[in-house]
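Undergrad: Let me begin by handing over the structure; questions about it come next.
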Amino acid sequence: MIRRIRKIMQENEVNASQLSEMIGIQRSTLSHILSGRNMPSLDVVIKLLKAFPEISAEWLLLGTESGVYKSKQKGAVDKIDRSLPDLFREEATVSDGDTKESAPPKETTNHKKNKPTVEQVMLLFSDGTFTYYTPS
Numbered sequence: 000m001i002r003r004i005r006k007i008m009q010e011n012e013v014n015a016s017q018l019s020e021m022i023g024i025q026r027s028t029l030s031h032i033l034s035g036r037n038m039p040s041l042d043v044v045i046k047l048l049k050a051f052p053e054i055s056a057e058w059l060l061l062g063t064e065s066g067v068y069k070s071k072q073k074g075a076v077d078k079i080d081r082s083l084p085d086l087f088r089e090e091a092t093v094s095d096g097d098t099k100e101s102a103p104p105k106e107t108t109n110h111k112k113n114k115p116t117v118e119q120v121m122l123l124f125s126d127g128t129f130t131y132y133t134p135s
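Numbering (numbering that gives the first Met the number 0), first residue to last: 0 to 135.
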């Protein structure tokens with residue numbers, strides 16, 4: 000990912016200081032990323048993608064796309080969208096088949112549980128002595 004960040008800097012003709020100001024991170028953070036000391040955090044990646052919306056997230060994260068920029072092709076997405084059913088445009092219909100009227104829930108009685116009571120308190124002192132207190 001370091002090479003891809005450097006490529007973004009090169010293509011936008013900015014240095015590390017300018018890039019850190021553009022995306023809103025500290026210069027030391029970017030310096031540590033570029034030197035390989037730290038990996039970019041999710042926050043840094045998100046800020047990079049927001050500052051450069053034309054950059055492909057897949058390319059930045061994985062380096063798998065052929066180019067730096069997002070593809071302009073929407074045909075593949077349209078094919079997928081048309082083949083999937085639209086779940087939210089029509090109202091949901093309830094089948095009349097196996098519907099049973101549910102009985103109201105039984106009222107539960109809250110029985111008070113016996114609260115534990117204090118039988119004895121023992122105090123330990125730093126000199127090795129102790130005292131018992133018993134409530135009356």
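We put the beta carbon where it would ideally sit given N, CA and C, even for glycine.
#1: Would you identify the three-state DSSP class for G74, choosing helix, strand or coil?
#2: What do you reckon, are the CB atoms on R26 and S34 nearer than 7 angstroms?
#3: Throw me the rounded Cβ distance for the M21 and N14 pair, which I believe falls under 8 angstroms.
#4: With 7 angstroms set as the bound, which would you pick, yes or no: does the beta-carbon of Y132 sit closer than that to a beta-carbon of chain D?
#5: For S16, count neighbouring Cβ atoms within 10 angstroms of its own Cβ and tell me buried if that reaches 16, exposed if not.
#6: Using the Cβ count rule (16 or more neighbours within 10 Å means buried), how would you classify S135?
#7: Need the endpoints of the alpha helix (DSSP H) that M38 sits in, please.
#8: What are the start and end residues of the alpha helix (DSSP H) that includes M21?
#9: Output needed for T133: all residues of its chain with C-beta closer than 6 angstroms, excluding positions within five of it in sequence on either side, in chain order.
#10: Near V117, which residues of its chain fall below 8 angstroms by C-beta distance, leaving aside the five closest residues on each side in sequence?
#11: Based on Cα-Cα distance, which residue from K114, F129, I1 lies nearest to H31?
#12: Distance, Cα to Cα, I4 vs F51?
#13: Would you give the residue range spanned by the beta strand (DSSP E) that T163 belongs to?
TA: This is what the structure holds:
#1: Numbered from 1 along the sequence shown, position 75 holds the residue referred to as residue 74. Reliability of the predicted coordinates at G74 is poor, the pLDDT of 45 falling under 50, and the value obtained from them is presented with this limitation in mind. In this structure, G74 counts as helix in the three-state DSSP scheme.
#2: As a first step, residue 26 must be located in the sequence shown, where it is residue number 27. As a first step, residue 34 must be located in the sequence shown, where it is residue number 35. In this structure, R26 lies away from S34, with their beta-carbon atoms at least 7 angstroms apart.
#3: Position 22 of the sequence shown, counted from the first residue, corresponds to residue 21. Position 15 of the sequence shown, counted from the first residue, corresponds to residue 14. Actually they do not touch by this definition, with Cβ atoms about 11 angstroms apart.
#4: Structure shown: chain D not included; a single protein chain is present.
#5: Residue numbering aside, residue 16 sits at position 17 when the sequence shown is read from its first letter. Label assigned to S16: exposed.
#6: Sequence index remark: in the sequence shown, residue 135 carries index 136 (1-based). Under this definition S135 is an exposed residue.
#7: In the sequence shown, residue 38 corresponds to position 39, counting from 1. Counted as a single uninterrupted DSSP element, the stretch harbouring M38 is not any alpha helix (DSSP H), since DSSP gives it neither H nor E.
#8: Numbered from 1 along the sequence shown, position 22 holds the residue referred to as residue 21. Element bounds for M21: 15-22.
#9: Residue 133 sits at position 134 when you count from the first residue of the sequence shown. The answer, listed in chain order, is Q119.
#10: Position 118 of the sequence shown holds residue 117. Within the same chain, and ignoring the five residues on either side of V117 in sequence, the residues whose Cβ sits closer than 8 angstroms to its Cβ are P134.
#11: Here residue 31 refers to the residue found at position 32 of the sequence shown. With distances taken between Cα atoms, H31 lies closest to I1.
#12: Along the sequence shown, one-based indexing puts residue 4 at 5. Along the sequence shown, one-based indexing puts residue 51 at 52. In this structure, the alpha-carbon of I4 lies about 11 angstroms from that of F51.
#13: The requested residue 163 is not part of the displayed model; the chain covers only 0 to 135.
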